[in-house]
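Protein chains: 2
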Amino acid sequence: MKRPVTIRQVARRARVAPSTVSRVLSDEGRISEETRRRVRRALAELDYYPNSAARGLVNGASGRLGIMLSRTAAYGDSHALLPELLRGIGSRAARSGYDLLLASGESMLEELSSLDRLLQGKRVDGVVLFGSGEDDPLLDRLEESSLPFVRIGRHQFRERVPSVDTDNRLAAREAVRHLAELGHARIGFVLGPRGLTSSWDRLEGYEQALREIGVEPAEMWLLEGDGLSFGALRTLSLFLGQPNPPTALIVGDDRLGIFVLRTLVELRVPVPERLALVAFNSSSIADWTIPSLTSLDVGIDQIGTASVDLLLRLCEGEAPTPRSRIVPHRLVARESTLGVKPPASAP
Amino acid sequence: MKRPVTIRQVARRARVAPSTVSRVLSDEGRISEETRRRVRRALAELDYYPNSAARGLVNGASGRLGIMLSRTAAYGDSHALLPELLRGIGSRAARSGYDLLLASGESMLEELSSLDRLLQGKRVDGVVLFGSGEDDPLLDRLEESSLPFVRIGRHQFRERVPSVDTDNRLAAREAVRHLAELGHARIGFVLGPRGLTSSWDRLEGYEQALREIGVEPAEMWLLEGDGLSFGALRTLSLFLGQPNPPTALIVGDDRLGIFVLRTLVELRVPVPERLALVAFNSSSIADWTIPSLTSLDVGIDQIGTASVDLLLRLCEGEAPTPRSRIVPHRLVARESTLGVKPPASAP
DNA sequence: CTGAAAGCGCTTACAG
DNA sequence: CTGAAAGCGCTTACAG
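Quick note, the sequences are listed as chains P and A, same order. full-length UniProt numbering puts the first residue of the first sequence at 1, with every later residue one more than the last. full-length UniProt numbering puts the first residue of the second sequence at 1, with every later residue one more than the last.
Written as structure tokens, this is what we have:
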């Protein structure tokens, strides 16, 4: 537990004043080449690292970004997307010299106090909010605070909140187009969690795309994911039992996709032969199901990096226009639409 | 962006010295009830929050814990366990008044520099290491540093590293016992990632338990998860083609379990009728497969909270014995051993 | 019981 | 180009 080296010790060894060391460190102010060299040397020899608290105190900035993980709204796929998101955010933040402070809670109350803590005492310079629902109190709290923040996922009713998102309407249209190319025309839709704007955006894109290929969306083709946990068997068999039933289904997110898949297996409905499936997010789990799920990759790591970029601009007092950012997506075609490849011949 | 309230402003309003405010805050030193009340009032009226940098500077402690996410060793199920782990850690840390700093990287090099950054400049008071392999350089770096740290998962060859883990041997024995109770005697085993001590512990427990029920482990019953990605079909059909093949298989972790399951589906081997399956970790994905996976729940949230507890004791200079902690596990029986329930009658 | 002062490690005008 | 000084917001001996 040796005491860390301070700027004074470096100064003494380099035979200069502490302020000079500081200047060398921040690389500003004129410094003679000779002095600079001496200081650099002392810095290295002593293995100096600046004390972040001291810096923060004088700068008035913490050099930290907060990420608030909302769990109460543990909607949809946020769990599966989290690891990659954190990595994207962390890596970008580090590159800009920022540390990442994590806030979360096991109940809404804990989350709120965790966020409050984050917002007070100069702990962070800005916040990324992930996994929050539309009516999440966390969002209100952030808006009241004076700290800059970015939300992952746009908010239907709060256009002014800076956000980073996929173009979910476009993504849904791509899903429809993919299915249309495979010969499907009667395409159903399962709405994702009602509390997420993305669910509605995807629905909108789906309906629009259907019309674009000359098909009128039918009410009977629409299911609700939120209600599905109970009576899924009944709901789906009614769905498939209607006259001229859909031959394909677009599902709000991967988790829901897996649930639908499970139910179809129980109903002995072959996927994709009788019903093709497209989901959203392409989280790692989409690859693990049987058959694997065709899904729209939202590029969660890019969402992470883009949100840090946006947040840092806000931290610097800029007011970027547009206030929000769109990250490109990509359809990943898998077995739930393409079919299962014949098994490699076993010996 | 209003300036935050400082202790001086509170002092002025309460008509006392800053030091008195500080004493009220920390609740130490004799303070008259009257003064205390006045200060409390001013504190509340001004909505004061202590500046964490200033505190850190004088205390010499940051009030932060670091969590290093090793990804290079993106072994096994660590992804699936991460969200719950973070929540457990975060919640416990918050309760003890600590913030959580996240370090990660997209390559080994980035991870190392991320860790270095964490260890320097008094950023954190201690570190939790998660997801590291046995030969991970991160571990060396942590051992060289003077900061206290705890590793999640014990290390076979470094008994002195404080760690928190499940009793994997015991867990494996429970898996065997579960299968034995269902009538299985010929039980195979798929070794998890070689780079994880847990894999070997589980193997050990498996072999011991087998002997306990009077069955001699056969070499032919043992498979290696690491080599399975290529030629899984061939390997598994050979495995099942041997005379008197196993009727059950214990698999190193959930991810591997899913992979094996997939392969069995392709081979048209019914699970659990012809081959029952038990996996480890009981991450959320174990619930989503078809059939769902019987798995040993390692209680990742408890591992999280226990590691914070242990770490905080280390931070306070204690040398707890034992240096490591064991967290209880629990077998969660699902369809891959119990069989699929007959589908509820559909209308 | 309370206050004035020093100091934590840094940065940044201000002189020179 | 370089140094001495003040100050960021807090805590903690030291007086009284």
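We treat Cβ as the ideally placed atom computed from N, Cα and C, and that holds for glycine.
So residue i packs on residue j, CB below 8 Å; how close in whole Å?
i, j, result
"A:VAL128", "A:ILE67", "5 Å"
"P:LEU310", "P:VAL190", "That pair is no contact at about 31 Å."
"P:VAL332", "P:SER295", "6 Å"
"A:VAL308", "A:ILE89", "6 Å"
Can you say whether residue i is buried or exposed, counting buried as having 16 or more other CB atoms within 10 angstroms of its CB?
i, result
"A:PRO272", "buried"
"A:GLU134", "buried"
"A:PRO328", "exposed"
"A:GLU181", "exposed"
"P:GLU143", "exposed"
"residue 433 of chain A", "Look at the range of chain A in this structure, 1 to 347, and you will see that residue 433 of chain A is not part of it."
"P:ARG173", "buried"
"A:GLU84", "buried"
"A:GLU216", "exposed"
"A:ASP136", "buried"
"A:ARG255", "buried"
"A:ARG41", "exposed"
"P:ARG211", "exposed"
"A:ARG71", "buried"
"P:ARG169", "buried"
"A:THR289", "buried"
Tell me the rounded alpha-carbon separation between residue i and residue j.
i, j, result
"A:LEU261", "A:ASP201", "23 Å"
"P:ASP99", "P:SER52", "11 Å"
"P:SER91", "A:ASP301", "25 Å"
"A:PHE130", "A:ARG334", "28 Å"
"A:GLU317", "A:THR197", "Checking the sequence shown, residue 317 of chain A turns out to be Gly, not Glu. Roughly 28 Å separates the two Cα atoms."
"A:GLY227", "A:LEU238", "15 Å"
"A:GLU45", "A:GLU33", "18 Å"
"A:SER114", "A:ARG15", "46 Å"
"P:ARG323", "P:PRO148", "12 Å"
"P:PRO193", "A:GLY97", "34 Å"
"A:ARG13", "P:ASN281", "54 Å"
"A:ALA103", "P:GLY304", "15 Å"
"P:LEU267", "A:VAL265", "17 Å"
"P:PRO246", "P:GLY183", "12 Å"
"residue 360 of chain P", "P:GLY60", "Only positions 1 to 347 of chain P appear in this structure, which leaves residue 360 of chain P out of reach."
"P:ARG95", "A:GLY195", "30 Å"
"P:ARG154", "P:ILE326", "9 Å"
"P:LEU249", "P:ALA306", "31 Å"
"residue 349 of chain A", "A:LEU222", "Nothing about residue 349 of chain A can be reported from this structure: the residues present for chain A run from 1 to 347 only."
"A:ARG87", "P:LEU81", "15 Å"
"P:LEU25", "P:GLY63", "16 Å"
"P:LEU112", "P:SER145", "13 Å"
"P:ALA93", "A:ASP125", "21 Å"
"P:ASP140", "P:VAL5", "43 Å"
"P:VAL269", "A:SER229", "29 Å"
"A:ASN244", "A:GLN208", "21 Å"
"P:PRO291", "P:ILE152", "30 Å"
"A:ILE258", "A:ALA286", "8 Å"
"P:GLU219", "P:THR166", "26 Å"
"A:ARG234", "P:GLY252", "37 Å"
"P:MET1", "A:LEU43", "Low local confidence applies: a pLDDT of 47 at P:MET1 is under 50, so the model's placement there is unreliable, and no value is given."
"A:GLU28", "P:VAL21", "39 Å"
With a threshold of 8 Å between beta carbons, is residue i in contact with chain P?
i, result
"A:PRO4", "yes"
"A:ILE7", "no"
"A:SER229", "no"
"A:VAL24", "no"
"A:VAL269", "no"
"A:VAL10", "no"
"A:HIS79", "yes"
"A:ASP99", "yes"
"A:SER145", "no"
"A:GLN242", "no"
Can you check whether the C-beta of residue i is within less than 8 Å of a C-beta belonging to chain A?
i, result
"P:GLU110", "yes"
"P:TYR49", "yes"
"P:TRP221", "no"
"P:LEU57", "yes"
"P:ALA185", "no"
"P:ALA54", "yes"
Just list the beta strand (DSSP E) runs in the stretch 224 to 311 of chain A, keeping only unbroken ones of 3 residues or longer that don't cross its boundaries, in chain order. Whole beta strand (DSSP E) segments, 3+ residues: 248 to 251, 276 to 281 and 294 to 297.
Mind listing, in chain order, the continuous alpha helix (DSSP H) runs of no fewer than 4 residues lying wholly within the stretch 158 to 199 of chain A? 168 to 181
Counting only runs of 4+ residues fully inside the stretch 37 to 125 of chain P, write out the alpha helix (DSSP H) ranges in chain order. Qualifying alpha helix (DSSP H) stretches, in chain order: 52 to 59, 78 to 95 and 108 to 119.
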